[in-house]
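There are 2 protein chains.
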Amino acid sequence: MIQEKIHQTIAILKEKGVDLWLTFVRESDTVHDPSLDFILGTSVTWQSAFMISAKGETVALVGSLDETNIRSRGLYAEVIGYVESIKDPLLGVLKRLNPQKIAINYSLDSPLGDGLTHGMYELLMGYLSGTPFAEKIISADGIIGALRGRKSPAELDRIKAAIKLTLDMFSRVSGFIQPGRTEKEIAGFLKEELKKAGVTEAWDPDYCPSVFTGPESAGAHAGPTDRKVEGGHILNIDFGIKLNDYCSDLQRTWYILRDGESEPPAEVMKAFNGIRDAIERAAEALKPGVEGWMVDKLARDYLVSLGYEEYPHALGHQIGRFAHDGKGLLCPKWDRYGKLPFDKVEEGQVYTIEPRCTVKGYGVATIEEIVVVTGERCEFLSPPQTEIYVV
Amino acid sequence: MIQEKIHQTIAILKEKGVDLWLTFVRESDTVHDPSLDFILGTSVTWQSAFMISAKGETVALVGSLDETNIRSRGLYAEVIGYVESIKDPLLGVLKRLNPQKIAINYSLDSPLGDGLTHGMYELLMGYLSGTPFAEKIISADGIIGALRGRKSPAELDRIKAAIKLTLDMFSRVSGFIQPGRTEKEIAGFLKEELKKAGVTEAWDPDYCPSVFTGPESAGAHAGPTDRKVEGGHILNIDFGIKLNDYCSDLQRTWYILRDGESEPPAEVMKAFNGIRDAIERAAEALKPGVEGWMVDKLARDYLVSLGYEEYPHALGHQIGRFAHDGKGLLCPKWDRYGKLPFDKVEEGQVYTIEPRCTVKGYGVATIEEIVVVTGERCEFLSPPQTEIYVV
Chain A
62 MIQEKIHQTI
72 AILKEKGVDL
82 WLTFVRESDT
92 VHDPSLDFIL
102 GTSVTWQSAF
112 MISAKGETVA
122 LVGSLDETNI
132 RSRGLYAEVI
142 GYVESIKDPL
152 LGVLKRLNPQ
162 KIAINYSLDS
172 PLGDGLTHGM
182 YELLMGYLSG
192 TPFAEKIISA
202 DGIIGALRGR
212 KSPAELDRIK
222 AAIKLTLDMF
232 SRVSGFIQPG
242 RTEKEIAGFL
252 KEELKKAGVT
262 EAWDPDYCPS
272 VFTGPESAGA
282 HAGPTDRKVE
292 GGHILNIDFG
302 IKLNDYCSDL
312 QRTWYILRDG
322 ESEPPAEVMK
332 AFNGIRDAIE
342 RAAEALKPGV
352 EGWMVDKLAR
362 DYLVSLGYEE
372 YPHALGHQIG
382 RFAHDGKGLL
392 CPKWDRYGKL
402 PFDKVEEGQV
412 YTIEPRCTVK
422 GYGVATIEEI
432 VVVTGERCEF
442 LSPPQTEIYV
452 V
Chain B
62 MIQEKIHQTI
72 AILKEKGVDL
82 WLTFVRESDT
92 VHDPSLDFIL
102 GTSVTWQSAF
112 MISAKGETVA
122 LVGSLDETNI
132 RSRGLYAEVI
142 GYVESIKDPL
152 LGVLKRLNPQ
162 KIAINYSLDS
172 PLGDGLTHGM
182 YELLMGYLSG
192 TPFAEKIISA
202 DGIIGALRGR
212 KSPAELDRIK
222 AAIKLTLDMF
232 SRVSGFIQPG
242 RTEKEIAGFL
252 KEELKKAGVT
262 EAWDPDYCPS
272 VFTGPESAGA
282 HAGPTDRKVE
292 GGHILNIDFG
302 IKLNDYCSDL
312 QRTWYILRDG
322 ESEPPAEVMK
332 AFNGIRDAIE
342 RAAEALKPGV
352 EGWMVDKLAR
362 DYLVSLGYEE
372 YPHALGHQIG
382 RFAHDGKGLL
392 CPKWDRYGKL
402 PFDKVEEGQV
412 YTIEPRCTVK
422 GYGVATIEEI
432 VVVTGERCEF
442 LSPPQTEIYV
452 V
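Here it is, written out as structure tokens:
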């Protein structure tokens, strides 16, 4: 799969008119540049440079003790080991490749395109200082965004497998949800499922899964509590797994009937159906060429038109090796998202769609689905939740 | 333990005359600043600032959806959530705290002090631009180095537990090593031990453990191969585990007798004893106040005086949450180590000592021990290997 992604990189470099992509790292087990997972798949100790050119040249420059390991991967046509300093061999390779643009891994907007630490940036610029290369540095965030976003068939298969297993787990936990159980007990049931399946959480184990029951719950990004499920609660679960290095990220919503109720109250149904329909509308608009904010705005405006507050987050994010992956985001034009809302949607990207409504006195209604962008539209990878689950 | 490390931080800030330490992160599950493990212990999604002052003020500024989770930790006296942009609340807090120096997480020399990405650095400097705070930025690497290096009793206990379990595993694998077994089989035995104990590798699972047998082996930082153990081989294993978030990192050396041999040949014994004695000499010199290069030089010069080539790496590194941890390093004054060789050894630091000798025609003799620096000297945390193990 890494070989496949390196080939894809070369095509992306050509498409974007960038000669050379330079990934500059050290001690990659500690502060880890996530681009390495696509172009190396192991770790290095000393300052190392991985260079891929639009012409298809591939050069790895590594500390001498890492040389055998890197060479054994067979990914780089040239593997050069050094002992005392990377500076001279690095300048030597750059002179030979003679790039007009050198893309490096920093980005103001995209966390995953921003794997180069500031100290490493300063070191690199020190090495290049006084050479023509210092003027040729650009951000690689477009390259990294494309590489992470445009999933290969093999990557897509892994995501589908993760989704399928997660939905199985959702269907089993559904039978476990009942009045008197706590958020922690319900989360514990899913933790046990993870253990049995031998897979890990897609994000911070402290709040994966998140379980929120009732009107007093945190509603997002918080761990499960001792709060008990009661009649009249909306309960939602945000859960994802990592299977074979690729993630799922899904949310489902339940309603717990009160004594005497035979169906959820009208305001709960209105919110749930609003969410469901907002997802439908967003999915219809999600296709190559649109900008992320447009899709977010559709869902956001629709829910506001129903009388709900704006949800305080993006409508959706990409998934991949991380639950939050890729560059483009389906998000509003808020400062904190920088230029990400203006990124164009591309074929092969996998997005979540996850609007939310707070229903006063009941809880938070959310659904999170996953779609892949195809040639002219998008397709659901998770069969959408169309009815609220009633307990 | 995090509360304990935050208290320690306040003392370190006072000692170093720095008003404020600012850790600036986003999507901390993906590109993870390792300082967060000491001051937070969970993850955040949006741009977030964790501020600790020499006066003991603690302020966390996080995206609104992360607020509940961060507040629930009880680590920060003030937790402030924001929705659209962190800029104004951040400048508000800085005005109130009014620091003269603001330490941020970048370092040219120390990978673990360099958790701030370049894009995040640019964002931060953009926010501070036009305010007096832009001129007050300094590197936090001294603070982070002290915080990671000076182990609390609880941290030391965890390292001791990891070492003990690793030595148990070494003693069991010793009975498994015999002619005809491959490096991969021997590594597989230790992988099985990890699984049984429910612990993980201390570094990249591809080469933890490393097993090297005979004169043709890679010798360091490479995965095990199908090479078979034979009479006349020196065999060494480099192995570490992570137990309760803290690591071990140890090496042991065996010699495989040839038919008719009753003990290792003289050149093998000379190298093994040379390594053992180099460790002894280095440990005698390792005490608070000496600079790392001095300790490295002692071992390095001793082995050169016996006729061996200089080992192509540092004599030792600190361990902690990572196998390679802390700032100060027992290393030569080579470019690639920057200013690290000149860092002074401090009480409470835990170092490996791991010189090596190549013995032509036999393999690589190495031992790696772990010591803790005490008031006036250092103490071995691993009972040293004093005799080569003979198979």
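Protein chains in written order, with this note's numbering: chain A, 62 to 452; chain B, 62 to 452. Each residue gets a CB set at the ideal place from its N, CA and C atoms; glycine is no exception.
Taking 9 Å as the cut-off between beta carbons, the residues of the segment 160-185 of chain A near chain B are 165, 166, 167, 168, 169, 170, 171, 172, 173, 174, 175, 176, 177, 178, 179, 180, 181, 182, 183 and 184, in sequence order.
Distance from the CA atom of residue 390 of chain B to the CA atom of residue 375 of chain B, rounded to whole angstroms, is 7 Å.
Rounded to the nearest whole angstrom, the CA to CA distance from residue 419 of chain B to residue 272 of chain B is 15 Å. Within the segment 167-217 of chain B, the runs of beta strand (DSSP E) that reach at least 3 residues and sit entirely inside it are, in chain order, 198-200.
Closer than 8 Å to the CB of residue 98 of chain A there is not a single CB belonging to chain B. Think of a sphere of 9 Å around the beta carbon of residue 244 of chain A: no beta carbon from chain B falls inside it, the nearest being about 13 Å out.
Nearest CB-CB separation between residue 264 of chain A and chain B: below the 8 Å threshold.
Shown here for residue 88 of chain B: same chain residues with a beta carbon closer than 7 Å to its own, the five before and five after excluded, namely 106 in chain order. When Cβ pairs closer than 8 Å are counted between the two stretches, the segment 378-390 of chain A is seen to touch the segment 205-214 of chain A, the count reaching three or more. Contact residues of the segment 91-119 of chain B toward chain A are 91, 92, 93, 94, 95, 103, 104, 106, 107 and 108 (C-beta to C-beta distance below 8 Å). Between residue 321 of chain B and residue 293 of chain B, the alpha-carbon positions lie close to 11 Å from each other.
Taking a beta-carbon distance threshold of 8 Å, residue 373 of chain A counts as an interface residue toward chain B. Pairing residue 80 of chain A with residue 161 of chain A gives a Cβ-Cβ distance under 8 Å. When the beta-carbon positions are compared, residue 178 of chain B and residue 177 of chain A come within less than 8 Å of each other. As summarised for the segment 370-397 of chain B, the continuous beta strand (DSSP E) elements at least 3 residues long and confined to that stretch are 377-379 and 386-391, given in chain order.
In the structure shown, the three-state DSSP call for residue 333 of chain B is helix. Closest in alpha carbon position to residue 187 of chain B, among B/383, B/344 and B/147, is B/147. Closest option to residue 172 of chain A, judged by alpha-carbon separation, among A/437, A/414, A/415 and A/383: A/383. A residue is called buried when at least 16 other Cβ atoms come within 10 angstroms of its Cβ; residue 236 of chain B does not meet this threshold and is exposed. The Cβ atoms of residue 399 of chain A and residue 210 of chain A lie no closer than 8 Å to each other.
When C-alpha distances from residue 129 of chain A are compared across A/143, A/119, A/117 and A/440, the shortest belongs to A/143. Interface flag for residue 226 of chain A against chain B is unset, since no Cβ pair is found closer than 8 Å. Distance from the CA atom of residue 140 of chain A to the CA atom of residue 64 of chain A, rounded to whole angstroms, is 15 Å.
Within the segment 123-140 of chain B, 124, 125, 126, 127, 129, 130 and 133 place their CB atoms closer than 8 Å to a CB of chain A, listed in sequence order. If the five residues before and after residue 94 of chain B are omitted, its C-beta is found closer than 7 Å to the C-beta atoms of 84, 86, 166, 176 and 177, all from its own chain and listed in chain order. Each residue's CA atom was taken as its position, placing residue 327 of chain B and residue 443 of chain B some 27 Å apart.
A contact between stretches requires three or more CB pairs, one per stretch, nearer than 8 Å, and the segment 259-269 of chain A fails this requirement with the segment 411-426 of chain A. Annotation: the continuous alpha helix (DSSP H) that includes residue 154 of chain A extends over 148-158. Using a Cβ-Cβ cut-off of 9 Å, residue 231 of chain A is close to nothing in chain B; its nearest Cβ partner there is about 22 Å away. For a cut-off of 8 Å, the C-beta gap from residue 433 of chain B to residue 217 of chain B is around 6 Å, short enough to register as a contact. Near chain A, meaning a CB-to-CB distance below 7 Å, the residues of the segment 270-294 of chain B are 279, 281, 282, 283 and 284. Neighbours of residue 82 of chain B in chain A, taken as residues whose beta carbon is under 9 Å from its own, are absent, since the nearest beta carbon is some 16 Å off. The Cβ neighbour count for residue 365 of chain A, taken over all protein chains shown within 10 Å, is under 16; the residue is labelled exposed. Taking C-beta atoms as the reference points, residue 289 of chain B and residue 243 of chain B count as a pair closer than 8 Å. Taken through DSSP and simplified to helix, strand or coil, residue 299 of chain B comes out as strand. Rounded to the nearest whole angstrom, the C-alpha separation of residue 181 of chain A and residue 343 of chain B is 31 Å.
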